[in-house]
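**Student:** In the order they appear, the protein sequences are chains D and L.
When the letters of the first sequence are read in order and numbered with our numbering, they come out as residues 1 to 206.
When the letters of the second sequence are read in order and numbered with our numbering, they come out as residues 1001 to 1206.
Where a beta carbon is used, it is the ideal one built from N, C-alpha and C, also for glycine.
Please read these numbers as outputs of a predicted model, since none were measured by experiment.
Can you read through this structure? Questions will come right after.
Protein chains: 2
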Amino acid sequence: MATARRQAAADKRRTILDAAVRVFARQGFHSCRVSDIADEAGVAYGLVYHYFDSKDEVLDTLFLERWNIMVDVIRTIDGQDLPAREKLYSIVSFIVDSYRHEPDVMKVIIVEVTRAANSFGQTHLRAIDEAYGLIAGIVSRGQREGSFNPDVSPLFAAFTFYGAIEQVLTGWIFDMLPQGERDLEQAKHFIIETICGGLDRADSSK
Amino acid sequence: MATARRQAAADKRRTILDAAVRVFARQGFHSCRVSDIADEAGVAYGLVYHYFDSKDEVLDTLFLERWNIMVDVIRTIDGQDLPAREKLYSIVSFIVDSYRHEPDVMKVIIVEVTRAANSFGQTHLRAIDEAYGLIAGIVSRGQREGSFNPDVSPLFAAFTFYGAIEQVLTGWIFDMLPQGERDLEQAKHFIIETICGGLDRADSSK
DNA sequence: AATTGGATTGACTGGTCAGTCAATGAATTG
DNA sequence: CAATTCATTGACTGACCAGTCAATCCAATT
């Protein structure tokens, strides 16, 4: 079999995807040309169309690749025998670490897909909804176990929780929030402390 | 003076802006043509350019018009003598009601500007940041008064809070969350209960 | 009723870019 | 060492659309 060639081909595809991440992160999906991706990848224009049917498909691929990883992680966390609060912490932690290690990928996913629910989000609404469903499930189970407030709708809580995370990432992406090593680590706790512990600290509590 | 004419002119400008809201909400800013706006407004193509320098300026105008109102409202709420938690409730309430009364406007602002921090958001980062600053101030004061947990960074809390709101609106905009009258009203409480009260309801608390 | 100046019209232009395609290159096979 | 297959190239095209502009309209003014 043409193993060596197959390998080389797979590498090129990867090269193009990686270049696309950088270009999308730098210029945004809409205001970059396909030729920018090709140039960044050091590859001829036409080759992008050899591996992908369209510019959109490049972004779709990048998104799904990543989103599926995240959904799997959430599923795994959900399967563990942990208090609901710790499950949520693990999720925040995973997402923040993803940003730490690959900020460009996260930027593209959030800015160009997740938050662009108009264009691409629409296509991926089902995938996005899946993640919300899983988180809602965690909240719901936390309520049944008695560790979470049963008066809050689990689905709304899931939106609140994920929205909080996404907004903090957005704050980092656009340099509105400090993002030193320490800030990233603390942010995990701030988010969980806010969502789970709550901001209130009036007399009655601990 | 040419009062009647001035008035007519102002009306036309308004007509165009209102039409633009509908078109942007329906098709999205990027995938609509200027002619779509003109058609929707029942006006000739060129007239759009009589009142606005560019397609971008139409969106900028819509955004600023609305965002400034919101910032003013937040400022007013902040000026009142209320517990921090109630200030936050008033803010959620105002935003949810804005969505209730003018969903298209909110959709455009959130989807096309606020969450599109790449393109338009960039232009309006300062305006957006202002709102975060005000909310952070409310949290900060709540901490100094002892009603809020002092261990959470006010700015991060502001992002968490606003992110939660925006995500819930996004959920409504894309039909991922139920949006009956009752749901809108409850959502205000869910958000505040989550952010201020916290999800935790383990033994120790009330 | 002539004049003025802003409102209004819509055909047209110029630039941009996604996607096509025919040609070329290079590894594999028989 | 053909023949085959698929990777790779980049010039080209066709569609699209923001923004321009010369012409027309019309209320107000003189």
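Between D/Leu155, D/Leu177 and D/Ser31, which has its C-alpha nearest valine 139 of chain D's C-alpha?
**Tutor:** Per the Cα distances, D/Leu155.
**Student:** Is it true that the region 1159–1167 of chain L meets the region 161–170 of chain D, where meeting means three or more beta-carbon pairs spaced less than 8 Å apart?
**Tutor:** Counting Cβ pairs under 8 Å, three or more are found: they touch.
**Student:** Between L/Glu1145, L/His1101, L/Asp1056 and L/Asp1018, which has its C-alpha nearest serine 1031 of chain L's C-alpha?
**Tutor:** Checked all of L/Glu1145, L/His1101, L/Asp1056 and L/Asp1018; the closest Cα to serine 1031 of chain L is L/Asp1056.
**Student:** For phenylalanine 148 of chain D, which residues does DSSP report across the bridge?
**Tutor:** Beta-bridge pairing links phenylalanine 148 of chain D to L/Asp1200.
**Student:** Report the residues of the region 1173–1197 of chain L with a CB closer than 9 Å to any CB of chain D, ordered along the chain.
**Tutor:** Under the 9 Å Cβ criterion, the region 1173–1197 of chain L contributes Ile1173, Phe1174, Asp1175, Met1176, Leu1177, Pro1178, Asp1183, Gln1186, Ala1187, His1189, Phe1190, Ile1191, Glu1193, Thr1194, Ile1195, Cys1196 and Gly1197.
**Student:** Measure the C-alpha to C-alpha separation of isoleucine 16 of chain D and leucine 64 of chain D and round it to an integer number of angstroms.
**Tutor:** Spanning the two alpha carbons is a distance of roughly 16 Å.
**Student:** Are any of the Cβ atoms in chain L nearer than 7 Å to that of methionine 1 of chain D?
**Tutor:** Caution applies to methionine 1 of chain D, whose pLDDT of 46 falls short of 50 and renders its modelled position unreliable; the model cannot decide the point.
**Student:** Rounded to a whole number of angstroms, what is the C-alpha to C-alpha distance between arginine 14 of chain D and arginine 1126 of chain L?
**Tutor:** Near 37 Å, if we compare the C-alpha coordinates of arginine 1126 of chain L and arginine 14 of chain D.
**Student:** Compute the Euclidean distance between the alpha carbons of isoleucine 1077 of chain L and lysine 1087 of chain L, then round it to the nearest angstrom.
**Tutor:** The straight-line gap from Cα to Cα measures roughly 6 Å.
**Student:** Along chain D, which residues have their Cβ under 7 Å away from the Cβ of serine 1093 of chain L?
**Tutor:** Here the premise fails: no neighbours, minimum Cβ distance about 15 Å.
**Student:** Looking at the C-beta of serine 90 of chain D, does it have a partner C-beta in chain L at a distance below 7 Å?
**Tutor:** With 7 Å as the cut-off, serine 90 of chain D does not count as an interface residue toward chain L.
**Student:** Run the CB neighbour count on serine 90 of chain D, radius 10 Å, all protein chains shown included, and call it buried at 16 or more, exposed below.
**Tutor:** Classification for serine 90 of chain D: buried.
**Student:** Is it buried or exposed, alanine 1101 of chain L, if we count other Cβ atoms within 10 angstroms and call 16 or more buried?
**Tutor:** According to the sequence displayed, residue 1101 of chain L carries histidine and not alanine. With fewer than 16 other Cβ atoms within 10 Å, it is exposed.
**Student:** Taking a Cβ distance cut-off of 9 Å, strictly less, list which residues of the region 22–39 of chain D are near chain L, in chain order.
**Tutor:** Going along the region 22–39 of chain D in chain order, one finds Gln27, Gly28, Phe29, His30 and Ser31 with a Cβ nearer than 9 Å to chain L.
**Student:** Whose C-beta lies closer than 6 Å to the C-beta of tyrosine 132 of chain D among residues of the same chain, with five residues either side of it excluded?
**Tutor:** Cβ within range, chain order: Ala158.
**Student:** Using the Cα positions of methionine 1176 of chain L and arginine 1085 of chain L, report the straight-line distance between them to the nearest angstrom.
**Tutor:** Distance between the alpha carbons of methionine 1176 of chain L and arginine 1085 of chain L: 27 Å.
**Student:** Nearest-angstrom Cα distance between isoleucine 95 of chain D and methionine 70 of chain D?
**Tutor:** Cα-Cα distance, rounded: 8 Å.
**Student:** Which residues mark the beginning and the end of the alpha helix (DSSP H) in which serine 1153 of chain L is found?
**Tutor:** No alpha helix (DSSP H) holds serine 1153 of chain L; DSSP gives it neither H nor E.
**Student:** Within 10 angstroms of the Cβ of asparagine 1068 of chain L, are there 16 or more other Cβ atoms? Answer buried if so, exposed if not.
**Tutor:** So asparagine 1068 of chain L counts as exposed.
**Student:** If the criterion is Cβ atoms closer than 7 Å, does the pair phenylalanine 1148 of chain L and arginine 26 of chain D meet it?
**Tutor:** Not a contact, by the Cβ cut-off of 7 Å.
**Student:** How would you call histidine 1050 of chain L, buried or exposed, if buried means at least 16 neighbouring beta carbons within 10 angstroms?
**Tutor:** That one is exposed.
**Student:** Determine the closest residue to leucine 199 of chain D out of L/Ser1035, L/Ser1153 and L/Lys1188, with distance taken between C-alpha atoms.
**Tutor:** Answer by Cα proximity: L/Ser1153.
**Student:** Determine the chain L residues that contact glutamate 166 of chain D at a beta-carbon separation under 8 Å, and present them in chain order.
**Tutor:** Simply Gly1163 and Gln1167.
**Student:** Can you list, in chain order, the residues of its chain whose CB lies under 6 Å from that of leucine 184 of chain D, leaving out five sequence neighbours each side?
**Tutor:** Excluding sequence neighbours, leucine 184 of chain D sits near Val96 and Arg100.
**Student:** At a cut-off of 6 Å, is glycine 142 of chain D close to the ligand ATP when judged by its beta-carbon and the heavy atoms of the ligand?
**Tutor:** The ligand ATP is not among the ligands present in this structure, which contains no ligands whatsoever.
**Student:** List the residues of chain D that glycine 1171 of chain L touches, going by C-beta distances under 7 Å, in chain order.
**Tutor:** The contacting residues are Phe159.
**Student:** Once the 5 residues before and after threonine 194 of chain D are set aside, which same chain residues still bring their CB inside 8 Å of it?
**Tutor:** Excluding residues within five positions, the ones whose Cβ falls inside 8 Å are Ala164.
**Student:** Run through chain L and tell me which residues come within less than 9 Å of phenylalanine 63 of chain D, C-beta to C-beta.
**Tutor:** Result: empty, since nearest Cβ-Cβ is about 15 Å, beyond 9 Å.
**Student:** Considering only C-alpha positions, which residue in the set D/Phe161, D/Asp18, D/Trp172 and D/Ser54 is nearest to glycine 197 of chain D?
**Tutor:** Of the listed residues, the one whose Cα sits closest to glycine 197 of chain D is D/Phe161.
**Student:** Enumerate in chain order the residues of its own chain whose CB-to-CB distance from methionine 106 of chain D is below 7 Å, with the five nearest sequence positions on each side excluded.
**Tutor:** Counting only Cβ-Cβ distances below 7 Å, and skipping sequence neighbours, we find Ser98, Tyr99 and Leu169.
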